[in-house]
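Numbering (full-length UniProt numbering), first residue to last: 1 to 392.
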Amino acid sequence: YVVAGYTFSFGAGVADVYLIKTDGAGDTLWTRTYGGNEYEYAKALDTTGDGGYVVAGHTESFGAGNGDVYLVKTDSSGDTVWTRAYGGPEIDWAESVERTDDGGYVIAGSTESFGAGNPDVYLIKTDAVGDTLWTRTYGGTGYDHGRSVAQTDDGGYIIAGQTGSFGAPGYNVYLVKTNGAGDTLWTRTYGGSDYEYGYSVAQTDDGGYIIAGYTETFAVGGWDVYLIRTDEAGDTVWTRTFGGLQHDYGHWIEATEDRGYIIAGSTDSFGAGNADVYLIKTDANGYVQVSGDLDEIPRPRYLYLSQNHPNPFGSSTTISYSLAAAAQVRLAVYDIRGARVRGLVSGTAPAGSHQVAWDGRDERGREVGSGIYFCRLEAGERSETRRMVLLR
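Below you can see the structure in the form of structure tokens.
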């Protein structure tokens, strides 16, 4: 394995880029530091075609401004082949790097030196030796950040981040699709009335996209992991949230061989500490499959209530839940005062995944007004709740 980050313990400066190479058991083979007398950190890493590595982050020791994008190319032993700094007179930084089909690199991050706002999404395309081929900025007059970039099947790029310039008030997840020259083909925003952040994006087998981040608008707790599946035009296919009553974050996503997804992040809701590593495995539809002998699972999940979809919704929404074993189940909708609005399920349900629709009506068949509602699933002594937003 190879890990990139930063260190205050070793190196030449206040903080240096830190690269660690281990064997399959996690034992260290070698470590390297990169940087100058000031502050450097790494935010992204990729392998190169020659067995080496490319690391992207931020430097305050080199470059033109107060802080620049920093790119380090190494050989297979971690020894420096070349370094580059990119940016202007203000602060610029990288969040993502990927080796491209032509042997060069594409870097996504944020810039306070260029663009319409402060900051803007920053995209840099280089050749194989790190020399700039072109740069692009995306965003408006608000705060816009680039967090992740991937080359797409058509030779263009897909960038995920967040925007304070477009979409609903607050921050929204921001998705930018470009051609091979970095020119914008389309942009999309996703989210609600509070704050949403996009941290990782990948293209799916059907040409669509999967985005991982976190949401405040649709969270049960403070923040929840936010999963967005789109078609090839960036239109939403489904969304999912994961988490508990505290803060839970999604920072990385990859497709798995079974056509599902693996999400890595952190959680304050589960585990032993204030912030634990959070790993979520889903199927192709973004659902967590609950199975196996519960006595053998360290943290049993007897039931799971997914975020309703769509959310917000105008006339009808689908609520999905999973049971590890057959159980007596109650599923009901409540208003923001805690008053019961509508019972949806009451009775014994078998193990597995289930869906039910709510048409935005109360027990007497009357349409309820726009607002925040809560869906509560109960099975024995266990329960889960999701917040729903009805907009008529």
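Glycine residues also receive a C-beta, built at the ideal position from the N, C-alpha and C atoms.
Inter-residue distance for Glu98 and Trp82 is about 17 Å (C-alpha atoms, whole angstroms).
Between Gly243 and Asp224 a beta carbon distance of about 4 Å is seen, short of the 8 Å cut, so the two are scored as contacting. Asp231 is the residue among Ala219, Asp231 and Ser320 whose C-alpha sits nearest the C-alpha of Val201. In the displayed model, Thr100 falls within coil according to three-state DSSP, outside both helix and strand. In the DSSP assignment, Ile372 falls within the unbroken beta strand (DSSP E) covering Gly371 to Ala379. Between Thr7 and Ala15, the beta carbon gap of about 7 Å places them in contact (Cβ cut-off 8 Å).
Judged by DSSP in its simplified three-state form, Thr204 adopts coil rather than helix or strand. Under the DSSP definition of a beta bridge, Lys43 lacks any partner.
Scanning its chain for C-beta atoms nearer than 7 Å, with the 5 sequence neighbours on each side dropped, one finds around Ser61 the residues Gly13, Gly35, Gly36, Asn37, Glu38 and Glu40, in chain order. Distance between Tyr105 and Gly51, taken at the CA atoms: about 15 Å. Contact fails between the segment 316 to 324 and the segment 334 to 341, because fewer than three Cβ pairs, one in each stretch, are under 8 Å apart. Burial state of Ser96 is buried, judged by a 10 Å Cβ sphere holding 16 or more other Cβ atoms. With contacts defined by Cβ atoms closer than 8 Å, Tyr226 and Leu175 do not form a contacting pair.
Taken through DSSP and simplified to helix, strand or coil, Leu391 comes out as coil. Secondary structure of Tyr334 (DSSP, three-state): strand. Annotated three-state conformation of Val220 is coil, per DSSP. Annotation: Asn311 to Gly191 spans about 9 Å, alpha carbon to alpha carbon. Counting the other CB atoms within 10 Å of its CB gives Glu257 a total below 16, which places it among the exposed residues. Approximately 6 Å separates the beta-carbon atoms of Trp93 and Ser110; this is inside 8 Å, confirming the contact. Taking C-beta atoms under 8 Å as the contact rule, His251 and Gly222 fail to qualify, at a distance of about 16 Å.
Within the DSSP bridge table, the entry for Ala349 names Ala327 as partners. Residues Ala4, Arg32 and Gly78 of the same chain have their beta carbon placed closer than 6 Å to that of Leu19, with the five preceding and five following residues left out of the count.
When only Cα atoms are considered, Ile262 and Arg229 end up about 13 Å apart. By the Cβ test, the segment 163 to 183 is not in contact with the segment 356 to 375, since fewer than three Cβ pairs between them sit closer than 8 Å.
Scanning its chain for C-beta atoms nearer than 6 Å, with the 5 sequence neighbours on each side dropped, one finds around Val72 the residues Tyr34, Val55 and Thr83, in chain order. Per DSSP, Ile91 is not a residue of any beta strand (DSSP E), being assigned neither H nor E. Between Tyr249 and Gly265 the beta-carbon gap is near 5 Å, inside 8 Å, which marks them as a contact.
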